Amino acid sequence: MKQLYLIVTFLFLSFSYGQDSKGNSGDIDGFKLYPNPATDGRVYISTTLNAPKKVLIFDIFGSLVLQTTIIGKELNLENLDSGVYMLRVTEHNKVVARKLVIK
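Just so we're aligned, residue 62 is where the sequence shown starts under this note's numbering, counting upward by one.
See below:
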């Protein structure tokens, strides 16, 4: 039984690291998210390119709670309750996912 778990784990890891078939996705260069935890209802997202960014925020259950596109750096979070969220930012086919805490 332990061998089966080992094989399943190995297969999962090998598939998860081999997902980039086009070579155009990955971390966004110079990605910064601040302040985290957010206390005043907004956070700032900066990157090297500072291009428009598609932002998705999910709650801890995986439900989409906010979807927007920002052109500058400021992201308004005033409509979200305090808690822990998953932030997903896409810029020029590159994706970054981070934990976001709102106090």
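Cβ atoms here follow ideal geometry from the backbone N, Cα and C, with glycine treated the same way. This structure is a prediction, so every number in the text was calculated from the model and none was measured.
Subject >> Selection from K93, L94, R103 that minimises the alpha carbon distance to K164 >> reply: R103
Subject >> Residue range of the unbroken beta strand (DSSP E) whose run includes S107 >> reply: That run of the beta strand (DSSP E) goes 103-107.
Original post:
Using the rule of at least 16 other Cβ atoms within 10 Å of the residue's Cβ for burial, across every protein chain shown, is Y95 buried or exposed?
Top reply: Around the Cβ of Y95, a 10 Å sphere holds fewer than 16 other Cβ atoms; the residue is exposed.
**OP:** Reducing DSSP to helix, strand and coil, say where A158 ends up.
**Re:** The three-state reading of DSSP puts A158 in strand, counting E and B together.
Original post:
Are T108 and F122 touching if we call contact CB-CB under 8 Å?
Top reply: no
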